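Novice: In our numbering, the protein residues as written are 2 to 128.
Even for Gly, the Cβ is constructed at its ideal location relative to N, Cα and C.
Just so it is clear, the structure is predicted and the values come from calculations on it, not from any experiment.
1) Please list the terminal residues of the continuous alpha helix (DSSP H) segment that includes residue 58.
2) Buried or exposed for residue 11, please, with buried defined as at least 16 other CB atoms from any protein chain shown within 10 angstroms of its CB.
3) Among the residues of its own chain, which have a CB less than 7 Å from the CB of residue 124, if the five just before and after it don't count?
4) Rounded to a whole number of angstroms, what is the C-alpha to C-alpha distance between residue 99 and residue 116?
5) Quick one: measure Cβ to Cβ for residue 5 and residue 64, integer angstroms, because I've assumed they're closer than 8 Å.
6) Taking the C-alpha atoms as reference points, what is the distance between residue 19 and residue 2?
7) Under the DSSP definition of a beta bridge, which residues are partnered with residue 109?
8) Which class does residue 2 belong to by DSSP, given the choice of helix, strand or coil?
Okay, here's the thing in structure tokens:
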């Protein structure tokens, strides 16, 4: 196994690696909607937070020479599921080709770090 911490990547909110790689699969830790430059500072609203999470995931992936095209599964956690689901979907889908949408789970949760509205983790496959 390889444990990856990405230089310049998002600041972890707990003791974990940005990603762990084993047998060609890469498991990317769920990311928050802050930025590496401003840990804990979140943008307002689900659209901006979804974009921020996806950009953090792209930073982690780039740090291990992968991209969103390598994603096989996403898990999305929303604190305001009914209110934010539609807008999150509209934003999320812009990050993937229409014919290359990863498998996905999306659930409502009671809380996330930093009181974020969203967190997303990934499972990827290295070519």
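Specialist: Well, looking at it:
1) 47-64
2) buried
3) 26, 28, 73, 74
4) 31 Å
5) 7 Å
6) 13 Å
7) 79
8) coil
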